[in-house]
């Protein structure tokens with residue numbers, strides 16, 4: 083189930099990247115996508131007992147989202 087949700091989030095991001103984002107003035111859609119993708123990764127990492135760091139960047143490499151689980155290496 084976690085992998086299915088994660089794959090769906092990745093598909094959503096890939097679709098957004100391919101089609102382009104028309105209006106992100108509020109950033110709500112992008113924030114929702116990043117949160118869902120991050121949460122899927124964090125849930126999976128917790129299920130296998132491996133602390134991780136989640137970093138999401140834009141096309142230019144600018145940090146958009148960051149989350150570090152306790153005890154995760156940087």
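Numbering (my numbering), first residue to last: 83 to 156. The beta carbon of each residue, even a glycine, is placed where N, CA and C say it ideally should be.
Proximity of residue i and residue j at Cβ, strictly below 8 angstroms
| i | j | result |
| --- | --- | --- |
| residue 146 | residue 138 | yes |
| residue 136 | residue 123 | yes |
Which residues DSSP lists as bridging residue i, in chain order
| i | result |
| --- | --- |
| residue 155 | In the DSSP output, where bridge partners are listed per residue, residue 155 has none listed. |
Inter-residue Cα distance where the pair is residue i and residue j
| i | j | result |
| --- | --- | --- |
| residue 120 | residue 151 | 11 angstroms |
| residue 110 | residue 116 | 10 angstroms |
| residue 140 | residue 113 | 12 angstroms |
| residue 130 | residue 155 | 16 angstroms |
| residue 125 | residue 118 | 10 angstroms |
| residue 149 | residue 128 | 14 angstroms |
(request) With a floor of 4 residues, list each alpha helix (DSSP H) that falls wholly inside the stretch 107-140, ordered by position along the chain. (result) 110-130
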